[in-house]
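K.L.:
Residue numbers (the working numbering), protein chains in the order written: chain A, 183 to 425; chain B, 10 to 294.
#1: For residue 263 of chain A, count neighbouring C-beta atoms within 10 Å of its own C-beta (all shown protein chains included) and say buried if the count is 16 or more, exposed if not.
#2: Using 10 angstroms around the beta-carbon of residue 16 of chain B, count the other beta-carbons present and answer buried if the total reaches 16, otherwise exposed.
#3: What do you get for residue 51 of chain B, buried or exposed, if any count of 16 or more other CB atoms within 10 angstroms of its CB means buried?
#4: Pull the bridge partners of residue 128 of chain B from the DSSP assignment, please.
#5: Given a limit of 7 Å on CB to CB distance, which residues of the segment 185-207 of chain A reach chain B?
#6: Does the beta carbon of residue 394 of chain A sit closer than 9 Å to a beta carbon anywhere in chain B?
#7: Report buried or exposed for residue 270 of chain A, applying the criterion of at least 16 other Cβ atoms within 10 angstroms of its Cβ.
#8: Counting C-beta neighbours from all protein chains within 10 Å, is the total for residue 33 of chain B 16 or more, i.e. buried, or is it exposed?
#9: May I ask you to list, following chain order, the residues of the segment 202-233 of chain B that have a beta carbon less than 7 Å from some beta carbon of chain A?
#10: Kindly say whether residue 333 of chain A, judged by its beta-carbon, lies nearer than 9 Å to any beta-carbon of chain B.
#11: Runs of 4 residues minimum, wholly inside the segment 25-103 of chain B: which ones carry the alpha helix (DSSP H) assignment?
#12: State yes or no: is the beta carbon of residue 239 of chain A nearer than 9 Å to at least one beta carbon in chain B?
#13: So the alpha helix (DSSP H) residue 308 of chain A belongs to, where does it begin and stop?
#14: Any beta-carbon of chain B closer than 9 Å to the one on residue 294 of chain A?
#15: From A/352, A/330, A/385 and A/325, pick the residue whose C-alpha is nearest to that of residue 340 of chain A; which is it?
#16: State the Cα-Cα distance for the pair residue 294 of chain B and residue 190 of chain A, rounded to the nearest angstrom.
#17: Of all Cβ atoms in chain B, is any one closer than 9 Å to the Cβ of residue 235 of chain A?
#18: Interface residues of chain A around residue 186 of chain B at Cβ under 9 Å?
#19: Could you check which residue in B/23, B/255 and B/103 has the C-alpha nearest to that of residue 76 of chain B?
#20: Against residue 33 of chain B, what residues of chain A qualify as contacts under a CB-to-CB distance less than 9 Å, listed in chain order?
#21: Can you tell me which residues form a DSSP beta bridge with residue 175 of chain B?
#22: When you compare the segment 259-269 of chain B with the segment 225-236 of chain B, are there three or more beta-carbon pairs, one atom per stretch, that lie closer than 8 Å?
#23: Return yes when the Cβ of residue 243 of chain B is within less than 9 Å of the Cβ of residue 226 of chain B, no when it is not.
#24: Since residue 305 of chain A and residue 281 of chain A are thought to touch, with beta carbons under 8 Å apart, how far apart are those beta carbons, to the nearest angstrom?
#25: Just list the residues that DSSP pairs residue 198 of chain B with in beta bridges.
#26: Report back the beta-carbon spacing between residue 360 of chain A and residue 377 of chain A to the nearest angstrom; my notes put them in contact at under 8 Å.
#27: Taking residue 245 of chain A as the query, report the chain B residues whose CB atoms sit under 8 Å from its CB, ordered along the chain.
#28: Quick check on DSSP: helix, strand or coil for residue 294 of chain B?
#29: Taking the alpha-carbon of residue 405 of chain A as reference, which of A/335, A/343 and A/373 has the nearest alpha-carbon?
#30: For a contact defined as C-beta to C-beta under 8 Å, what are the partners of residue 267 of chain B on chain A?
#31: Are any of the Cβ atoms in chain B nearer than 9 Å to that of residue 324 of chain A?
#32: At 9 Å on the CB atoms, spell out the chain A contacts of residue 283 of chain B, in chain order.
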């Protein structure tokens with residue numbers, strides 16, 4: 183509640199709220215808290231609230247809203263204290279197979295960063311990542327918290343086809359490709375988990391503010407989990423955390 | 010039911026798209042020219058958002074397996090029913106075994122076909138709009154069979170009084186508001202953006218329209234933030250990209266302009282080498 187926010191119109195029926203241009207967990211918490219407060223207030227005409235690293239978008243139903251009036255209303259909400267507010271977050275344990283069959287760029291990262299493949303896997307699966315938001319592709323999580331020794335530049339020429347489930351590193355970010363896609367990140371493994379499932383009411387299990395941790399599995403286990411998922415018999419491990 | 014004999018260049022089922030799923034990274038999708046899509050539905054007496062076929066550049070050839078009413082709007086592709094010319098914006102009765110086909114593109118780029126009751130294809134997250142990875146089919150193909158909702162109403166031209174605006178198909182003025190990063194541009198950049206004429210590049214599709222001319226640029230990328238259909242991005246190399254209905258939900262390029270919603274419909278009817286001009290509208294705040 184102590185940030186100096188800016189409010190800008192973004193088209194005819196959207197207000198963009200911006201925090202200082204930094205990627206920080208406490209900024210994310212403030213954004214999610216504001217989002218929750220707006221949603222709780224049930225302000226007339228608001229149909230959607232979207233968040234990213236340091237911004238929040240409020241979308242209205244009608245296209246002739248009075249921006250000044252609505253911005254003042256949002257400012258009031260930001261200042262207000264809502265003690266009933268509770269943001270529930272979860273820590274998800276994500277299985278990843280780092281076998282060379284999947285991890286086609288482990289060698290590149292090992293050479294670029296002068297670090298053994300074992301260390302890459304150890305450091306990648308040790309960190310606890312924060313889900314900042316979902317974007318780029320349906321179900322693509324923007325994660326913060328990658329170990330600095332694993333930062334690796336994106337490939338000069340993107341691959342035309344990256345497999346579904348590919349776990350990759352691009353610059354200072356790591357992520358999982360939820361579906362087959364072109365992409366320029368360095369691939370270090372593969373997760374059998376579905377990150378986007380249109381047959382579910384909530385197509386992504388994770389949401390902004392959640393945490394993620396990877397654990398290493400063998401090729402065999404990767405196949406087993408895939409088979410279990412097909413018959414809906416695999417339960418992802420997770421635990422509640424204080425928001 | 011309608012049987013697809015020829016698909017045309019790029020035809021999809023579209024309604025008004027998916028709303029409220031963008032926090033999962035799901036694009037809005039929906040008819041590129043919403044005005045044209047809602048117009049056929051209005052003329053047919055359907056709800057505004059009923060599913061229609063959107064055809065791009067060339068039309069499909071369709072065999073009807075039932076009696077129904079159809080209406081065509083948007084681009085003029087010279088439609089024919091059983092090889093006899095028919096007109097856009099007219100509600101036309103079709104009978105079982107009738108064949109609808111299209112000829113040469115005359116005006117616009119996207120043509121919409123509505124049927125009484127609307128098309129009844131798979132609904133995912135509240136929408137029938139086709140999108141790769143979300144609906145099981147992402148484009149209409151030859152031999153496809155498209156169901157139609159049963160509509161009990163028998164009608165002639167019930168809504169012939171609806172006012173039809175065709176002038177938007179010919180205008181090249183794209184009305185815009187300042188985007189969130191507009192003020193970071195230099196005065197020269199702003200002036201060029203708002204006075205120069207721009208050419209649609211051949212890279213134009215449902216996701217985005219790229220502009221041929223470069224706008225000299227020193228702006229760095231921004232921290233990834235939300236984008237909307239109609240957002241005009243400026244890349245570090247000076248390329249202008251106008252995002253359209255199937256665009257991603259977030260992006261890292263400065264958002265210099267935002268199209269007025271009705272101007273997205275205008276741009277949706279433009280194609281490679283067409284010229285456009287951005288006209289700035291003012292907004293309070």
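Note that CB positions come from ideal geometry on N, CA and C, so glycine has one too.
P.N.:
In brief:
#1: When all chains shown are included, residue 263 of chain A counts as exposed.
#2: Here residue 16 of chain B is buried: its Cβ has 16 or more other Cβ atoms, across all protein chains shown, within 10 Å.
#3: Its Cβ being crowded by 16 or more others within 10 Å, residue 51 of chain B is buried.
#4: Partner residues in the beta bridge of residue 128 of chain B, as assigned by DSSP, are B/157.
#5: Contacts with chain B (Cβ-Cβ distance below 7 Å) from the segment 185-207 of chain A involve 190, 191, 192, 193, 194, 196, 198, 203 and 205, listed in chain order.
#6: At a cut-off of 9 Å between beta-carbon atoms, residue 394 of chain A makes no contact with chain B.
#7: Counting Cβ neighbours within 10 Å, residue 270 of chain A comes out exposed, since fewer than 16 surround it.
#8: Classification for residue 33 of chain B: buried.
#9: Result list: 232 and 233.
#10: Chain B, which has no Cβ nearer than 9 Å to the Cβ of residue 333 of chain A, makes this no.
#11: Runs found: 43-53.
#12: Look at residue 239 of chain A: its C-beta is under 9 Å from a C-beta on chain B.
#13: Taken as a continuous stretch (DSSP letters only), the alpha helix (DSSP H) holding residue 308 of chain A covers 299-308.
#14: Taking Cβ atoms only, chain B never reaches closer than 9 Å to residue 294 of chain A, which makes this a no.
#15: Answer by Cα proximity: A/352.
#16: Residue confidence is low: residue 294 of chain B scores 44 on pLDDT, short of 50, so the model does not pin down where it sits. Its coordinate-derived value is still stated next. Looking at the backbone, the Cα of residue 294 of chain B and that of residue 190 of chain A are separated by about 8 Å.
#17: Cβ-Cβ to chain B under 9 Å: yes for residue 235 of chain A.
#18: Near residue 186 of chain B (Cβ distances below 9 Å), the residues of chain A are 191, 192, 193 and 194.
#19: Out of B/23, B/255 and B/103, B/103 has the C-alpha closest to the C-alpha of residue 76 of chain B.
#20: Contact of residue 33 of chain B with chain A by beta-carbon distance below 9 Å involves 316, 320, 321, 378, 384, 385, 386 and 389.
#21: Answer is none; residue 175 of chain B lacks a bridge partner.
#22: Contact between the segment 259-269 of chain B and the segment 225-236 of chain B is present, because at least three Cβ pairs lie under 8 Å.
#23: In this structure, residue 243 of chain B lies closer than 9 Å to residue 226 of chain B by Cβ.
#24: Contact doesn't hold; Cβ gap of about 17 Å is too wide.
#25: BP columns for residue 198 of chain B are empty, so no partner.
#26: Correct: roughly 4 Å between the Cβ atoms.
#27: Within chain B, the residues near residue 245 of chain A are 270.
#28: With a pLDDT of only 44 at residue 294 of chain B, under 50, the local geometry of the prediction cannot be trusted, and no value is derived from it.
#29: The shortest C-alpha separation from residue 405 of chain A is found at A/373.
#30: Neighbours of residue 267 of chain B on chain A, chain order: 192 and 193.
#31: For residue 324 of chain A, the answer is yes, since a Cβ of chain B falls inside 9 Å of its Cβ.
#32: Simply none; closest approach about 23 Å.
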